[in-house]
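Notes to accompany the following structure.
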Ligand SMILES: Cc1cc2nc3c(=O)[nH]c(=O)nc-3n(C[C@H](O)[C@H](O)[C@H](O)COP(=O)(O)O)c2cc1C
Ligand code: SF4
Ligand code: FES
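Chains as they are written, first to last, in our numbering: chain A, 68 to 271; chain B, 13 to 465.
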């Protein structure tokens, strides 16, 4: 990866990415969808956010350097620019490879008042991981997040595209069991859903 | 009638809080699943407003926004007319519309319900807007967590396109208007309108210069083109204004100084029936609490009436507060985004201030120093106090840091971080002093409130 961000000449901006340096992995469908998404905006740059969601789906839930480079290449942007965007937003998994399922526990005001800390402590004990960590079998990632804006259902959690709440410890355990048996990664599924809702019916 | 009588009646009408129940305008059919489909929406009178609007003069629609007295529901409560009227009358370039559905203010979940259950209200409202200000494309910026809402809007958009209610030559009127969904990726700051535009243009969600350092969005907004940006609830009011007339709309909330129509409040915290309640402006805050089934787990202690960014008020103030933009100022708080949280007597205000400060520290975009450093500093001080290691003078220091952020940051997120902390210290100073002095809370918290990491 590092050769992609080396400067072509001193004091110059990074060189444009070249196809021969990249291992492009987008599926045919992914490329078509990206083209449809690009058509929603007056320029390609505006498609960076949707493009990253698409890459998150295509690359199995993790935006590796290769994934970011592919988005940058397909949108004619520099690597550093796209990486900068990817690392700003909390829902892009650009820094750590997440587990198969990401459990996002809301610990913000209302959930805080309604016992989110107990739920969090329960998860920490049960899974043996803390905020931002992934279990050694790669099954779960735990994350403490800010308000999910479903405070009427506090304490609330998000897993993939779904909200759950109010959740108690027993329901949490049941959910973990269900997730363990789920074939598909809810992280990838979530990215797929985000891409899908941005496309019109005739564009899919 | 004697003069005395009429004076008494006059007084009764304006001063004494009178009883009002829920007033369901936007949420009237929110429990009806067919309302999410085009047929069901039309059966309830949907799209009559757009049909009517398309026969009206553009300027007449803009005037009715003014006459209706609609104010933005996104938080600041700015008159919507300023934006509608500010859009260029003569079209020289593309015009854009944006719907701000990046609801992230802790305590607020009204847009979520509107997106999930009444997507057509938003789409019809935006299309009316597209006609009135000659828009080409409308973007609905939805936070990525709101998948249910986004799916409902997607289905609604697809149905609208199929029925020629969007796209080319809408209903044979010659109007071309597209609506696209743009999903966020997890950032509260992207709710701020200029940051949202940065994010929509494919950048980090950082705010841009505002007037007077830069032109208003209606002159140069997203993609440097004239842009009309509103909250979901603001647009969703448009079908009612067009259909029922501006005068009718302005008669709602007429008891208040300058707030018209209805407002959806998301009630949560220690209440028996948390949820969204739509009331007319001018309703006493107390009644909102009663609608939500009253307080649970003890007596009422405090309330944050408009989302975490607005100052906290005491139980006494809850009794006299009237829901209205100016009226809430009398109890030194705001309507904000309508995220109304009630707290019972076991709530520790110091920990609440800590949690609120932590939210802003986590969500600060990092562009300007007062907010980036100040929010972190506030968290450090509050964390120290909550651990029992508070030092003498910490409360003073906290006040000082907060007031250095307030008014000195690049965007209102900094102010929003400072206000709740300053208000908590102003309203409950004894709790802070006690915590610093004794190293423990003055309130006997129920166990679920204790855990501080
Ligand atoms: C930090 C911050 C976050 C905001 N978040 C939101 C939001 O989630 N939703 C929203 O509609 N407005 C939000 N706003 C207000 C917007 O900047 C803007 O005022 C609003 O979208 C304008 O729409 P309106 O005229 O309909 O109120 C936020 C403002 C700030 C400063
Ligand atoms: S106040 Fe400054 S650091 Fe905070 S969110 Fe706004 S621009 Fe970013
Ligand atoms: S505080 Fe958890 S959903 Fe709002």
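Ideal Cβ positions, reconstructed from N, Cα and C, are used throughout, including at glycine.
Beta-carbon contacts of residue i that lie in its chain and below 6 Å, excluding the five residues immediately before and after
| i | result |
| --- | --- |
| residue 230 (chain B) | 95, 98, 99, 238 |
| residue 123 (chain B) | 113, 115, 244 |
| residue 261 (chain A) | 120 |
| residue 388 (chain B) | 373 |
| residue 440 (chain B) | 361 |
| residue 257 (chain A) | 227, 228 |
Inter-residue Cα distance where the pair is residue i and residue j
| i | j | result |
| --- | --- | --- |
| residue 56 (chain B) | residue 350 (chain B) | 27 Å |
| residue 69 (chain B) | residue 207 (chain B) | 33 Å |
| residue 455 (chain B) | residue 359 (chain B) | 7 Å |
| residue 19 (chain B) | residue 307 (chain B) | Residue confidence for residue 19 (chain B) is low, a pLDDT of 36 falling below 50, so the modelled location carries little weight; the figure read from the coordinates is stated next. Whole-angstrom Cα-Cα distance: 36 Å. |
| residue 73 (chain B) | residue 250 (chain B) | 10 Å |
| residue 445 (chain B) | residue 140 (chain A) | 57 Å |
| residue 263 (chain A) | residue 124 (chain A) | 11 Å |
| residue 223 (chain A) | residue 156 (chain A) | 21 Å |
| residue 205 (chain B) | residue 449 (chain B) | 42 Å |
| residue 268 (chain A) | residue 103 (chain B) | 31 Å |
| residue 128 (chain A) | residue 190 (chain B) | 31 Å |
| residue 277 (chain B) | residue 183 (chain A) | 23 Å |
| residue 154 (chain A) | residue 162 (chain A) | 7 Å |
| residue 366 (chain B) | residue 169 (chain B) | 42 Å |
| residue 84 (chain A) | residue 150 (chain A) | 13 Å |
| residue 211 (chain A) | residue 301 (chain B) | 30 Å |
| residue 247 (chain B) | residue 200 (chain B) | 21 Å |
| residue 174 (chain B) | residue 364 (chain B) | 49 Å |
| residue 86 (chain A) | residue 134 (chain A) | 13 Å |
| residue 29 (chain B) | residue 329 (chain B) | For residue 29 (chain B), the predicted model reports a pLDDT of 41, less than 50, meaning its position is unreliable and no value from the coordinates is stated. |
| residue 38 (chain B) | residue 261 (chain B) | 12 Å |
| residue 257 (chain B) | residue 83 (chain B) | 16 Å |
| residue 15 (chain B) | residue 317 (chain B) | Interpretation of residue 15 (chain B) is limited by its pLDDT of 37, a score under 50 that renders its predicted location unreliable; the figure taken from the coordinates is listed afterwards. Distance between the alpha carbons of residue 15 (chain B) and residue 317 (chain B) is about 38 Å. |
| residue 209 (chain B) | residue 263 (chain B) | 34 Å |
| residue 215 (chain A) | residue 118 (chain B) | 8 Å |
Nearest-angstrom beta carbon gap, residue j and residue i [assumed within contact, 8 Å]
| i | j | result |
| --- | --- | --- |
| residue 240 (chain B) | residue 134 (chain B) | That pair is no contact at about 14 Å. |
| residue 64 (chain B) | residue 255 (chain B) | 7 Å |
| residue 60 (chain B) | residue 319 (chain B) | At roughly 33 Å, the Cβ-Cβ gap does not stay under 8 Å, so residue 60 (chain B) and residue 319 (chain B) are not in contact. |
| residue 125 (chain B) | residue 288 (chain B) | 5 Å |
| residue 162 (chain B) | residue 195 (chain B) | 7 Å |
| residue 283 (chain B) | residue 304 (chain B) | 4 Å |
| residue 279 (chain B) | residue 352 (chain B) | 5 Å |
| residue 127 (chain B) | residue 165 (chain B) | 6 Å |
| residue 233 (chain A) | residue 181 (chain A) | 7 Å |
Neighbourhood of residue i by C-beta distance below 8 Å, restricted to the same chain and skipping five residues each side
| i | result |
| --- | --- |
| residue 418 (chain B) | 426, 427, 430, 431, 434 |
| residue 294 (chain B) | 32, 265, 266, 267, 268, 271, 334, 335, 336, 339 |
| residue 99 (chain A) | none |
| residue 140 (chain B) | 61, 62, 65, 73, 250, 251, 254 |
| residue 341 (chain B) | none |
| residue 178 (chain B) | 135, 139, 169, 172, 189, 190, 191 |
Close beta carbons around residue i, own chain, < 7 Å, minus the five adjacent residues each side
| i | result |
| --- | --- |
| residue 206 (chain A) | 166, 167, 168, 247 |
| residue 66 (chain B) | 143, 183, 185, 187 |
| residue 21 (chain B) | Note on residue 21 (chain B): pLDDT 35, under 50, position unreliable in the model; the coordinate value appears next. None. |
| residue 416 (chain B) | 382, 386 |
| residue 313 (chain B) | 327, 355, 356, 357, 359 |
| residue 222 (chain B) | 206 |
| residue 129 (chain B) | 42, 47, 48 |
Test: residue i CB closer than 8 Å to a CB of chain D
| i | result |
| --- | --- |
| residue 48 (chain B) | Among the protein chains of the structure shown, namely A and B, there is no chain D. |
Proximity test, residue i beta-carbon vs ligand 5 heavy atom, cut-off 7 Å
| i | result |
| --- | --- |
| residue 177 (chain A) | This structure lacks ligand 5; the ligands present are ligand 1, ligand 2 and ligand 3. |
task = Mind checking the segment 209-234 of chain A against chain B and listing, in chain order, the residues whose C-beta falls within less than 7 Å of any C-beta there?
result = 213, 214, 215, 216, 217, 218, 219, 221, 225, 228
query = Of all the residues that make up the segment 139-151 of chain A, which are near chain B by a beta-carbon distance shorter than 7 Å?
reply = 151
request  = Check distances from the C-beta atoms of the segment 371-400 of chain B to those of chain A and list, in chain order, the residues that come in under 7 Å.
outcome  = 371, 374, 375
query = On the three-pair Cβ rule with 8 Å, is the segment 47-56 of chain B touching the segment 71-87 of chain B?
reply = no
request  = Indicate whether the contact test is met: 3 or more Cβ pairs, each with one atom in the segment 137-151 of chain A and one in the segment 171-184 of chain A, closer than 8 Å.
outcome  = no
task = With 7 Å as the limit, tell me which residues of the segment 93-112 of chain A have their beta carbon closer than that to any beta carbon of chain B; keep them in chain order.
result = The residues in question are 107, 109, 112.
Cβ-based contacts, 7 Å cut-off: residues of the segment 158-173 of chain A near chain B = 158, 159
message = Measuring CB atoms only, is the segment 141-152 of chain A touching the segment 212-224 of chain B, in the sense that at least three cross pairs come out at less than 8 Å?
response = Yes: at least three Cβ pairs fall under 8 Å.
task = Check each residue of the segment 249-264 of chain A: if its Cβ is closer than 9 Å to any Cβ of chain B, include it; give the result in chain order.
result = Within the segment 249-264 of chain A, the residues whose Cβ lies closer than 9 Å to some Cβ of chain B are 257, 260, 261, 262, 263, 264, listed in chain order.
message = At a CB distance below 9 Å, what residues from the segment 359-370 of chain B approach chain A? Give them in sequence order.
response = 359, 363, 364, 367, 368, 370
ask   = Just by C-beta distance, which residues in the segment 115-137 of chain B are closer than 7 Å to chain A?
value = 115, 116, 118, 119, 120, 121, 124
key: Short-range partners of chain A found in the segment 229-262 of chain B, where Cβ spacing is below 9 Å   = 234, 235, 237
query = Quick one, which residues of the segment 182-208 of chain B are near chain A if we go by CB-CB under 9 Å, in chain order?
reply = If you check each beta-carbon in the segment 182-208 of chain B against every beta-carbon of chain A, the ones closer than 9 Å belong to 190, 192, 193, 194, 195, 196, 197, 198, 199, 200, 202.
Chain-ordered residues of the segment 279-290 of chain B with a beta carbon less than 8 Å from chain A = Taking 8 Å as the Cβ-Cβ cut-off against chain A, the residues of the segment 279-290 of chain B that qualify are 279, 280, 281, 282, 286, 287, 288.
ask   = If contact means a Cβ-Cβ distance below 8 Å, which residues of the segment 342-361 of chain B contact chain A?
value = Per Cβ criterion, the list reads 351, 353, 355, 359.
key: Positions along the segment 299-323 of chain B whose CB lies within less than 9 Å of some CB in chain A   = Hits within the stretch, in order: 316, 320.
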